[in-house]
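First the structure, in the form of C-alpha cells, and then the observations on it.
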Amino acid sequence: MSLLITRRRAAAAVLLTTALLVPLAACGNDDPGTGKDSASGAKPSDPASSGAPAAELTVLAAASLTDVFKEAGAAYEKENPGTKVTFSFAGSQELAAQVKQGAPADALVTADTKTMDGLTGETGTPTVIAKNRLVIAVGEGNPEKVGNLKDLADTKLKVVLAAPEVPVGRYSKQILDAQKIAVKPVSQEPNVRAVLSKVELGEADAGLVYKTDAETATDKVDAIDIPDAENAVASYPAATLKASQHSEAAAAFVAWLSTPAAQKILQGAGFQQP
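Mapping the sequence shown onto the working numbering, position 42 (from 1) lands on 231, and the numbers just tick up by one.
Dropping the structure here:
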C-alpha cells in the first residue's frame, strides 16, 4: 500500500514541474529588456545600420570643388548619421604630391584624368563624377572690354593664368595653343582659385578659370563664355585611396557622388553631367 502512494506522489510531482516550465519557456523566446533573442543571442536588425559605415573621412579634392563639396559633404552627413567628411582642397598636382608622400586620407577627386591616372598604384578604380568648361574671368562690368580669347594677347592687358602643371593651367594652354594665341601672363598661379582671386582683387584684368568658379564670385567678376569649338572639357574623376583606414566608408562616399542626390548638387553649381 505504501509503495502505491509513493508512486502516485512521484507522478504528481512530474506533472507539477512540467506545468511550471511550459509558461517559462514561452516567455523566454524574447527578452524585451535586452532586445535579444534568448535562443540565438542575436539582436534584431536595425534599419539605420543599413547605410554607409560610420567613419571620419578625409577627402582630398580639387580647389574648384571647394564650394560645391562643402554643400555635398553636409548632405552626405545628413544622409549617413555618424559619418563625418572633412575636405582638403588644393590644386590637383598638390593633392597628387600629398598622396605620394603618404598623407592620411581616404578618397581623392581631381580636376583631370591625367593626374588621377598617374596615381594608379595608390587609388582604386576612378569614376568621373562631373565635367566643367573654361571661361574668361574679368572684373565686374568688364572695364577692359574683353570679348574673346584673342583679346588676351593684348600686351596692355594684365592676364593671369594657372601654372601649366595645374589642370586648369594645362587646359588654358591647350585652348590658347589651338587658337595660336600667344599670351604672356603677369603671373602663373598654383590653382584656379588663386587665378580667380587675382581678378577679384583687381590685380589682373582677365584670367582663365572654370565656369563654376566664376559663378561663385558673380558680385566681383564677370564671365566671358568661350565657344565650345575653342574650349576644353575638364573631367573630375573620384577614387578611393588604397591607404585608407576606412576603405568601405570611403567607397560608399565615392559611389554616392554619382547618385541623383549628389548630381543635383553638382549640376546646381554649374557642373556638367559626367
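For each residue, glycine too, the CB sits at the ideal point set by N, CA and C.
In this text, all values refer to a predicted model and were calculated from it rather than measured experimentally.
Pick from the options that is closest to residue i, judged by C-alpha positions
{"i": "D280", "options": "T429, D411, V398 and Q363", "result": "First, the amino acid is wrong: residue 280 is Gly here, not Asp. Nearest option by C-alpha distance: V398."}
{"i": "L246", "options": "L390, L430 and G457", "result": "L430"}
{"i": "V410", "options": "L385, K259 and S433", "result": "L385"}
{"i": "A412", "options": "P332, A428 and E283", "result": "P332"}
{"i": "K345", "options": "T314, K373 and A294", "result": "K373"}
{"i": "A421", "options": "V375, N380, L365 and V388", "result": "L365"}
{"i": "E437", "options": "Q456, D408 and G313", "result": "G313"}
{"i": "D285", "options": "T275, V248, P463 and D256", "result": "Asp is not the amino acid found at residue 285; the sequence shown has Ala there. When only C-alpha atoms are compared, the closest one is V248."}
{"i": "N518", "options": "V355, K400 and L390", "result": "Residue numbering for the chain in the displayed model covers 190 to 463; residue 518 lies beyond these limits and cannot be assessed."}
{"i": "K347", "options": "Q377, N321 and Q363", "result": "Q377"}
{"i": "E283", "options": "G391, V349, G307 and G336", "result": "G307"}
{"i": "A243", "options": "A450, Q461 and H435", "result": "H435"}
{"i": "A427", "options": "G336, M305, Q452 and L341", "result": "M305"}
{"i": "T272", "options": "D340, A439 and V288", "result": "A439"}
{"i": "K400", "options": "A300, P449, Q290 and P353", "result": "A300"}
{"i": "T275", "options": "V335, P293 and V288", "result": "P293"}
{"i": "E311", "options": "R322, G336, A351 and K289", "result": "K289"}
{"i": "T407", "options": "G330, A352, A263 and Y265", "result": "G330"}
{"i": "A352", "options": "A383, K334 and D340", "result": "A383"}
{"i": "G291", "options": "S433, V335 and D343", "result": "S433"}
{"i": "R322", "options": "Q363, P449 and P315", "result": "Q363"}
{"i": "Q287", "options": "A403, A250 and D340", "result": "A250"}
{"i": "P463", "options": "E266, P270, K259 and T302", "result": "T302"}
For residue i: DSSP bridge partner residues
{"i": "A274", "result": "Per the sequence presented here, residue 274 reads as Val, with Ala not at that position. In DSSP, V274 forms a bridge with L246."}
{"i": "A263", "result": "Its beta-bridge partners do not exist; DSSP assigns none."}
{"i": "L350", "result": "Q377"}
{"i": "Q363", "result": "Its beta-bridge partners do not exist; DSSP assigns none."}
{"i": "V324", "result": "V398 and D414"}
{"i": "Q461", "result": "K320"}
{"i": "A279", "result": "A251"}
Supposed close pair residue i, residue j - CB separation, criterion 8 angstroms
{"i": "I454", "j": "V324", "result": "Not confirmed; about 21 angstroms, so no contact."}
{"i": "L338", "j": "I370", "result": "6 angstroms"}
{"i": "G328", "j": "D394", "result": "7 angstroms"}
{"i": "A252", "j": "F278", "result": "5 angstroms"}
{"i": "V257", "j": "A458", "result": "4 angstroms"}
{"i": "V388", "j": "A326", "result": "5 angstroms"}
{"i": "S424", "j": "K320", "result": "5 angstroms"}
{"i": "A261", "j": "A451", "result": "6 angstroms"}
{"i": "Q461", "j": "E419", "result": "With a Cβ gap of about 17 angstroms, Q461 and E419 do not count as contacting."}
{"i": "G396", "j": "L350", "result": "7 angstroms"}
Stretch pair the region 349–363 + the region 434–451: three plus CB contacts closer than 8 angstroms: no
Alpha helix (DSSP H) segments (min. 4 residues) lying fully within the region 365–394: 381–389
Continuous beta strand (DSSP E) assignments of at least 3 residues falling wholly in the region 284–321: 296–298
3 or more residues per run - each beta strand (DSSP E) lying fully within the region 400–458: 410–414 and 422–429
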